[in-house]
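Visitor: One structure, as structure tokens, below. Some questions next.
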Amino acid sequence: MCNESALFRMWISNILAVFFVCAAVSESTPLTTTPDFGKAYHVKGVISLPYAEIKEPFEAWYDLQGATSRIDYYHGQVSTFQKGAEKPWGSSYKISPETTETEFNVMKCFQLNGTEGDAVHPQGVLPALEGFKFLRMEYFGGMLCEVWQNVTMVGHKKNTYTLWVTRPEGKNEPATPWHYEMMGYNTLLGSHYDKYLVDYKEFSSHVDPKAFSLPDGLKCGPFPGPGVEHQILANPMQDLVHTTSKGHARRLFGHFKETFQRRYGDEKEHEDRERSFVHNLRFVHSMNRAGLSYSLGLNHLSDRSPEELALLRGSRRGKTPNRGRPFPQELYESVQVPDSLDWRLYGAVTPVKDQAICGSCWSFATTGAIEGALFMKTGSLVVLFPSRC
């Protein structure tokens, strides 16, 4: 009986030892074959842009052989189609609601044709895995995933792209993506200049061909607004899943500098301003895809950081006393105040000034107050002019 018990314990120990050895090997053995997601897929997900404080849901259909793709943003508020098979260089389409002076929330179709130097290709939501290397096995969301990573250096920028995937063991089926991260570190600034996350769900290799059909009854016209932004409007995802040195957002920074005549003091300031511009650009376009009651646009402040913009919104509440004293209301309780007082009758008001395109409205209010105070003090009316325009 004792021998049988000892043999049983030895048998169990051997089984457990083999299990743990296999598990250790499976979690540490390097893989050489990069994951394959197939030539067609349908997937949902959420793009997170922490620096722009954005989480944007999307749904994507992709067909490489048919040279076509479709991506819906914010649950279908905006749909973009990339049709590479259309002659001669493919076409991009955007379907979105538009509001004008004569129409409210009407679905419109906008078309952007490809060129010989910039042909249209189907847009995926998964990164191309050239240059990716197996890093480790790791649990993500309760799933034991392969972790693949690509690290590139472009000037002062170190970009790290990391992808979490699973593959069916022993089956010739496409891999399933779960999470994708981009982390950009600028060695000149000594800080992270970019970061975005993509979480995937409901990945499937089955794609309904009808998903690539444009809505019936819509006549497609050219994109409105500045031509330099048309590419991002037609294909927003292209700027996020690429692993090249520059996307369309960063190329737009050159146009911004030329338009607003920006001249930065040194390379460090240039890198810092470019970072702020890219995050502001992404915020503007993402909010415009959300179907809100307002729309945003780029302006001369698009290269400012959130901290700099906050300084333009008025004073901040401080922790130190402001040395203000209570108003002595009891001294004026017996004063009879008229219902109205027209200071123009006393010659204390200067003619109304035209602000025109001057952006410093506060300077007009300030000069008006100073003119009145000066009249009360001296009895003379002096016309003052704002100079901060």
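Under mature numbering (1 follows the signal peptide of the UniProt record, and there is no 0), residues -28 to -1, 1 to 361 are what the sequence shown spells out, in order. Don't be surprised by glycine CBs; every beta carbon is placed ideally from N, CA and C. This structure is a prediction, so every number in the text was calculated from the model and none was measured.
For aspartate 166, which option in Gly319, Thr72, Glu153 and Glu343 has the closest C-alpha, if you only look at C-alpha atoms?
Guide: Here the question's residue 166 lines up with position 194 in the sequence shown. It is Glu153.
Visitor: How many whole angstroms separate the CB atoms of phenylalanine 82 and lysine 66, which I take to be in contact at a CB cut-off of 8 angstroms?
Guide: Position 110 of the sequence shown, counted from the start, is the residue given in the question as residue 82. Position 94 of the sequence shown, counted from the start, is the residue given in the question as residue 66. Contact holds; Cβ gap of about 5 angstroms.
Visitor: Using the rule of at least 16 other Cβ atoms within 10 Å of the residue's Cβ for burial, across every protein chain shown, is tryptophan 315 buried or exposed?
Guide: Start at 1 with the first residue of the sequence shown, and residue 315 comes out as number 343. So tryptophan 315 counts as exposed.
Visitor: Between the stretch 229 to 246 and the stretch 113 to 122, are three or more C-beta pairs nearer than 8 angstroms?
Guide: Touching, no, given that fewer than three Cβ pairs across the two stretches are closer than 8 angstroms.
Visitor: Where methionine 109 and leucine 116 are concerned, what is the direct C-alpha to C-alpha distance, given to the nearest angstrom?
Guide: Counting from 1 along the sequence shown, the entry for residue 109 is found at position 137. Counting from 1 along the sequence shown, the entry for residue 116 is found at position 144. The alpha-carbon atoms of methionine 109 and leucine 116 are separated by roughly 7 angstroms.
Visitor: Return the Cβ separation of tyrosine 46 and alanine 206 in integer angstroms, given the expectation that the two are a contact with Cβ distance under 8 angstroms.
Guide: To locate residue 46, count along the sequence shown from 1; it is residue 74. To locate residue 206, count along the sequence shown from 1; it is residue 234. Contact doesn't hold; Cβ gap of about 17 angstroms is too wide.
Visitor: Hey, how far is the Cα of serine 352 from the Cα of phenylalanine 336?
Guide: The sequence position of residue 352 within the sequence shown is 380, counting from 1. The sequence position of residue 336 within the sequence shown is 364, counting from 1. Each residue's Cα considered, the two are about 19 angstroms apart.
Visitor: According to DSSP, is threonine 292 part of a helix, a strand, or is it coil?
Guide: Here the question's residue 292 lines up with position 320 in the sequence shown. Three-state DSSP puts threonine 292 in coil, outside helix and strand.
Visitor: Between which residues of its own chain and arginine 276 is the CB-CB distance below 7 angstroms, once the five residues before and five after are set aside?
Guide: In the sequence shown, the residue the question calls residue 276 occupies position 304. If we look at arginine 276 and ignore the five residues flanking it on each side, its Cβ neighbours are Ser248.
Visitor: Between which two residues does the beta strand (DSSP E) containing valine 126 stretch?
Guide: Translated into positions along the sequence shown, residue 126 becomes position 154. From DSSP, the beta strand (DSSP E) with valine 126 extends over 115 to 126.
Visitor: Pick from Met79, Asn252, Ala12 and Leu317: whose alpha carbon is nearest that of glycine 193?
Guide: By one-based count along the sequence shown, residue 193 stands at place 221. Nearest C-alpha to glycine 193: Met79.
Visitor: What is the rounded straight-line gap between the Cα of threonine 221 and the Cα of glutamine 210?
Guide: For the purposes of this step, residue 221 is identified with residue 249 of the sequence shown, where counting begins at 1. For the purposes of this step, residue 210 is identified with residue 238 of the sequence shown, where counting begins at 1. It is worth fixing the name first, because residue 221 is alanine in this sequence and not threonine. Going from the Cα of alanine 221 to the Cα of glutamine 210 covers about 10 angstroms.
Visitor: With DSSP collapsed to three states, give me the class of glutamate -2.
Guide: As a first step, residue -2 must be located in the sequence shown, where it is residue number 27. Only weak support is given to the placement of glutamate -2: the predicted model assigns it a pLDDT of 46, under 50, and the question is left unresolved by the model.
Visitor: Taking C-beta to C-beta, are leucine 161 and glutamate 88 nearer than 7 angstroms?
Guide: In the sequence shown, the residue the question calls residue 161 occupies position 189. In the sequence shown, the residue the question calls residue 88 occupies position 116. Their beta carbons are not under 7 angstroms apart, which means leucine 161 does not touch glutamate 88 by this criterion.
Visitor: Work out the CA separation of leucine 98 and valine 92 for me, nearest whole Å.
Guide: Sequence index remark: in the sequence shown, residue 92 carries index 120 (1-based). Sequence index remark: in the sequence shown, residue 98 carries index 126 (1-based). Distance between the alpha carbons of valine 92 and leucine 98 is about 17 angstroms.
Visitor: Where DSSP assigns a beta bridge to residue 370, which residues make up the other side?
Guide: With the chain covering only -28 through 361, there is no way to say anything about residue 370.
Visitor: Let's test the definition: count the other Cβ atoms within 10 Å of the Cβ of tryptophan 150 and tell me whether it reaches 16, buried, or not, exposed.
Guide: What you label residue 150 is simply residue 178 of the sequence shown in a count that begins at 1. Counting Cβ neighbours within 10 Å, tryptophan 150 comes out buried, since at least 16 surround it.
Visitor: Taking 7 angstroms as the threshold (C-beta atoms), are alanine 12 and valine 179 in contact?
Guide: Residue 179 sits at position 207 when you count from the first residue of the sequence shown. Residue 12 sits at position 40 when you count from the first residue of the sequence shown. Cβ distance < 7 angstroms, so valine 179 and alanine 12 count as in contact.
Visitor: Just grab the DSSP bridge partners of threonine 134 for me.
Guide: For the purposes of this step, residue 134 is taken as residue 162 along the sequence shown, with counting starting at 1. DSSP, once it has assigned bridges, lists Gln121 and Glu153 as partnering threonine 134.
Visitor: Could you pull out every residue in the same chain whose Cβ sits closer than 7 angstroms to the Cβ of proline 29, ignoring the five residues on either side in sequence?
Guide: Looking up residue 29 in the sequence shown gives position 57. Taken in chain order, the residues that qualify are Val18, Tyr46 and His47.
Visitor: What separation, rounded to the nearest whole angstrom, lies between the Cα atoms of valine -8 and glycine 38?
Guide: By one-based count along the sequence shown, residue -8 stands at place 21. By one-based count along the sequence shown, residue 38 stands at place 66. At valine -8, the pLDDT of 36 sits below 50, so the modelled position is not reliable and the matter cannot be decided from this model.
Visitor: Under DSSP, the alpha helix (DSSP H) around glutamine 54 begins and ends at which residues?
Guide: Along the sequence shown, one-based indexing puts residue 54 at 82. Not the alpha helix (DSSP H): glutamine 54 falls in the beta strand (DSSP E), residues 50 to 55.
Visitor: Taking 7 angstroms as the cut-off, decide whether the C-beta atoms of alanine 320 and glycine 344 are in contact.
Guide: In the sequence shown, counting from the first residue as 1, residue 320 sits at position 348. In the sequence shown, counting from the first residue as 1, residue 344 sits at position 372. Result yes, Cβ atoms of alanine 320 and glycine 344 sit closer than 7 angstroms.
Visitor: By Cβ distance below 6 angstroms, which residues in the same chain neighbour glycine 96 in space, the five residues on each side in sequence not counted?
Guide: Here the question's residue 96 lines up with position 124 in the sequence shown. Here the set comprises Tyr34.
Visitor: Which value, in whole angstroms, describes the spacing of the CA atoms of glycine 56 and serine 185?
Guide: Along the sequence shown, one-based indexing puts residue 56 at 84. Along the sequence shown, one-based indexing puts residue 185 at 213. Whole-angstrom Cα-Cα distance: 14 angstroms.
Visitor: Identify the continuous beta strand (DSSP E) that holds residue 389 and give its terminal residues.
Guide: Nothing in the structure corresponds to residue 389, since the chain is present only between -28 and 361.
Visitor: Express the C-alpha separation of threonine 74 and residue 415 in angstroms, rounding to a whole number.
Guide: Since the displayed the chain opens at -28 and closes at 361, residue 415 lies outside it and no answer follows.
Visitor: Buried or exposed: threonine 159, going by 16 or more other Cβ atoms within 10 Å of its Cβ?
Guide: As a position in the sequence shown, residue 159 is number 187, starting the count at 1. It counts as exposed.
Visitor: Could you check which residue in Pro198, Gly10 and Thr6 has the C-alpha nearest to that of asparagine 271?
Guide: Walking along the sequence shown from the start, residue 271 turns up at place 299. Nearest of Pro198, Gly10 and Thr6 to asparagine 271, Cα basis: Pro198.
Visitor: Quick check: the Cα distance between threonine 322 and threonine 71, rounded to an integer number of angstroms?
Guide: Counted from its first residue, the sequence shown places residue 322 at position 350. Counted from its first residue, the sequence shown places residue 71 at position 99. Distance between the alpha carbons of threonine 322 and threonine 71: 41 angstroms.
Visitor: Since leucine 212 is in the alpha helix (DSSP H), which residue starts that stretch and which ends it?
Guide: By one-based count along the sequence shown, residue 212 stands at place 240. Segment 210 to 213, the alpha helix (DSSP H) holding leucine 212.
Visitor: Using CA coordinates, which residue listed in Gly290, Lys291, Leu273 and Asn294 is at the minimum distance from leucine 284?
Guide: Stepping through the sequence shown from its first residue, residue 284 is reached at position 312. Ranking Gly290, Lys291, Leu273 and Asn294 by Cα distance to leucine 284 puts Leu273 first.
Visitor: Since glutamine 203 is in the alpha helix (DSSP H), which residue starts that stretch and which ends it?
Guide: By 1-based counting over the sequence shown, the position of residue 203 is 231. Looking at the DSSP string, the run of the alpha helix (DSSP H) that includes glutamine 203 is 202 to 206.
Visitor: Whose C-beta lies closer than 8 angstroms to the C-beta of valine 250 among residues of the same chain, with five residues either side of it excluded?
Guide: For the purposes of this step, residue 250 is identified with residue 278 of the sequence shown, where counting begins at 1. Cβ neighbours of valine 250 beyond the five flanking positions: Asp166, Ala221, Arg222 and Phe225.
Visitor: In three-state DSSP terms, what is glutamine 327?
Guide: Here residue 327 is taken as the residue at index 355 of the sequence shown, counted from 1. Reduced to three states, the DSSP call for glutamine 327 is coil.
Visitor: For arginine 342, count the other beta carbons within 10 Å of its own beta carbon; 16 or more makes it buried, fewer makes it exposed. Which is it?
Guide: The count along the sequence shown starts at 1 and reaches residue 342 at position 370. In the sequence as displayed, the identity of residue 342 is isoleucine instead of arginine. Its Cβ having fewer than 16 others within 10 Å, isoleucine 342 is exposed.
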